[in-house]
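Engineer: Numbers -18 to -1, 1 to 84, taken from mature numbering (1 follows the signal peptide of the UniProt record, and there is no 0), label the letters of the sequence shown in order.
Even for Gly, the Cβ is constructed at its ideal location relative to N, Cα and C.
Small disclaimer: the values here were computed from a predicted structure and weren't measured.
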Amino acid sequence: MKSFAILTTLVTFASAGALKVRQPATFNGDIALLNKRASVCPALDTPLCCQLDVEGIIDTPCESPDDTSSVSAFEASCAETGYTAECCTLPLAGDGLLCTAP
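1) Who does D35 pair with in a DSSP beta bridge?
2) Using only alpha-carbon positions, find the residue among P29, E57, G64 that is nearest to L79.
3) Could you tell me if F56 is buried or exposed, where buried requires 16 or more neighbouring beta carbons within 10 angstroms of its beta carbon?
4) In whole angstroms, give me the CA-to-CA distance for V36 and G76.
5) In three-state DSSP terms, what is A67?
6) Go ahead and pull the three-state DSSP assignment for C23.
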């Protein structure tokens, strides 16, 4: 039993020595994209283009818009595909739950 504990300790220290220090990731481009999306919908909502709205509870089918730089661009991007612009709280497998107009 003692040899197992000693072996486990040695393996732990050996693997810890092999770890590399990682540099923090930078997300400058992603933050810019998030800032754009945040301007057309409230903070927790996701901009989606949806075809059918059922009382604001579920929208189906939904897809991501091409342009979310402004509300008018968001609405125009959705209108090109025949869908309506929606801000959905829970995007789920091609559907939007709890959606409102931007």
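Structural biologist: Let me spell this out:
1) D41
2) P29
3) buried
4) 15 Å
5) strand
6) coil
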